[in-house]
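Undergrad: Pasting in a structure now, in structure tokens, and then I'll have a few things to ask.
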Amino acid sequence: MLRKIDCIMLRVDNLAAAKAYYADVFGLRPLWEDEDSVGMGLPETDAEIVLHTKPDLPSPIEPYYLVEDVLAATSHFKARGCRVLVEPCEIAIGKCAIIADPFGTRLCILDMSKGPRRLD
């Protein structure tokens, strides 16, 4: 049910400085941006590095896996021994949830039921 890595979320203190740095040093390009995050495109994949300043996200670095439907995936994983750490919730592009496998590994999942974000 995990389709691919959609993005790697990186918490930063200064969004503007981090955006400029990742563009200049790593050659990434902005794909979309809002007041507290920016999606930076990698050149050979559609996965993104999302730089953000959101203190409520529990980890400073975390991969997010794309699934077809977060509600269905959460139910599927829960029935097979995973714990739901963060119940499915709305995000800008669809839904998101965080589960833990029986070994304690956290897996952040999201779907794109509302569609991808675009650079304004």
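The opening position of the sequence shown corresponds to residue 19 in the working numbering, with each subsequent residue numbered one higher.
For every residue, glycine included, the Cβ atom is placed at its ideal position computed from N, Cα and C.
In this text the structure is predicted, and so the values were computed from the model without any measurement.
1. Throw me the rounded Cβ distance for the Ala90 and Cys25 pair, which I believe falls under 8 Å.
2. Assign Met19 to buried or exposed, taking buried as 16 or more other Cβ atoms, counted over all protein chains shown, within 10 Å of its Cβ.
3. CB-CB under 6 Å to Lys132, same chain, minus the five flanking residues each way: which ones, in chain order?
4. Quick one: any contact between the segment 66 to 74 and the segment 28 to 35, if contact means 3 or more CB pairs under 8 Å?
5. Quick one, are the C-beta atoms of Tyr82 and Leu33 less than 8 Å apart?
6. Let me check one thing: in DSSP terms, what residues is Cys126 bridge-paired to?
7. Who are the Cβ neighbours of Pro134 in its own chain at under 7 Å, not counting the five residues just before and after it?
8. Out of curiosity, what's the CA-to-CA distance linking Gly45 and Ala35?
TA: The answer reads as follows:
1. Counted from its first residue, the sequence shown places residue 90 at position 72. Counted from its first residue, the sequence shown places residue 25 at position 7. Contact flag wrong, Cβ pair sits at about 21 Å.
2. Taking the sequence shown and counting its residues from 1, one reaches residue 19 at position 1. Burial call: exposed.
3. Translated into the one-based positions of the sequence shown, residue 132 becomes position 114. Result list for Lys132: Ile111 and Gly112, in chain order.
4. yes
5. Translated into positions along the sequence shown, residue 82 becomes position 64. Translated into positions along the sequence shown, residue 33 becomes position 15. No, the pair does not count as a contact, with Cβ atoms beyond the cut-off.
6. Indexing the sequence shown from 1 puts residue 126 at position 108. Tyr82 and Ile116.
7. Taking the sequence shown and counting its residues from 1, the one referred to as residue 134 is at position 116. Excluding residues within five positions, the ones whose Cβ falls inside 7 Å are Ile111.
8. Reading the sequence shown from its first residue, position 27 is the one you call residue 45. Reading the sequence shown from its first residue, position 17 is the one you call residue 35. If I take the Cα positions, the gap works out to 14 Å.
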